[in-house]
Each structure stands twice: as C-alpha cells, then as structure tokens.
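Notes to accompany the following structure.
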Amino acid sequence: MADIREWRGQPVVDEKGHRIGTLESVYVETSTDEPFFATVMTGFTNRRLVFVPLEGSVAGPAYLRVPYPKSKVKQAPAIGTDDILPATDEPEVFAYYELPYATGAGGERRLARR
C-alpha cells in the first residue's frame, strides 16, 4: 500500500499467519516521522489496542504480517479504543519488546499517533 492510511482496517497476522486483530493506527517516531509501532484492535467484548513494533513487518495485499507470535502481541501493553498512549507509558511499550528507549534531546515524547 502506497499510503500508510490505507493500512487502517487491514488484518494483522503473526509470523505464522495467525490473525491477531485489525490495524487501527500507526505511531511514528517523532524525530523521523517514520512508522514505528502499530496499534492492533483485539477482542470482541473487551476491545483494546495493543502495540506491536513495525520493524520487520511485511505489508501484503490484504494484511500486515508482524514478526512476533500472536501470544506475545496479545499480552503487549494496550490502551482503550478511544485513548492515546500517554508519554509516561512509552518506556513500558519499548521495554516489553526489549527495544531501547530514550526521550528526544529536549525531553519530548518519542511517539506520535497518525
């Protein structure tokens, strides 16, 4: 897909092709404006948005495949469907996937929702 906005609503599958949920939004790295994390809508009755890194992901014609098992993504830090990730929770999301975390040079947040 040429435009990242076209990804919204696409199925998100794990490394083995098992459906995890539906892509809801993308969080970009504020210093580069490059996509860094996706939020995936999971659950039928208790809907929530779980975070998954986009590095190593593959966008197919009708899905986004992430390089993590479904069980790991389903247990990832999450927010409510109408919420935005608070800056104070950013380190937890990075730590869950064992990714390094540092704020911007001026202490600004690292992620922005698109």
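The numbers in full-length UniProt numbering rise by one with no breaks, and the one at position 26 of the sequence shown is 26.
Yeah, the Cβ is synthetic: ideal placement off N, Cα and C, and Gly gets one too.
Nothing here was measured: the structure is a model prediction, and the numbers come from that model.
Limits of the alpha helix (DSSP H) - the one that residue i falls within
{"i": "V93", "result": "90-96"}
For residue i, the three-state DSSP class (helix, strand or coil)
{"i": "V73", "result": "helix"}
{"i": "A87", "result": "helix"}
{"i": "E24", "result": "strand"}
{"i": "D14", "result": "coil"}
{"i": "E34", "result": "strand"}
Neighbourhood of residue i by C-beta distance below 7 Å, restricted to the same chain and skipping five residues each side
{"i": "T42", "result": "I20, G21, R48, V50, K74"}
{"i": "M1", "result": "Bear in mind that the predicted position of M1 carries a pLDDT of just 45, short of 50, making it too unreliable to give a figure here."}
{"i": "I84", "result": "R113"}
From the options, residue whose alpha carbon lies closest to that of residue i
{"i": "G104", "options": "E90, E98, W7, A95", "result": "E90"}
{"i": "P11", "options": "A112, P100, L64", "result": "L64"}
{"i": "L111", "options": "E34, E15, D14, A62", "result": "E34"}
{"i": "L54", "options": "E92, G106, R109, W7", "result": "W7"}
{"i": "S57", "options": "I84, P86, F44, V26", "result": "V26"}
{"i": "V52", "options": "F44, E92, S31", "result": "E92"}
Residue burial classification, residue i (beta-carbon count within 10 angstroms, cutoff 16)
{"i": "F94", "result": "buried"}
{"i": "P67", "result": "exposed"}
{"i": "L99", "result": "exposed"}
Endpoints, beta strand (DSSP E) assigned at residue i
{"i": "L99", "result": "Careful: L99 lies outside any beta strand (DSSP E) and carries neither H nor E."}
Cutoff 6 Å; reference residue i; Cβ partners in own chain excluding five residues on either side
{"i": "E24", "result": "T39, M41, L49"}
{"i": "Y96", "result": "A76, P77"}
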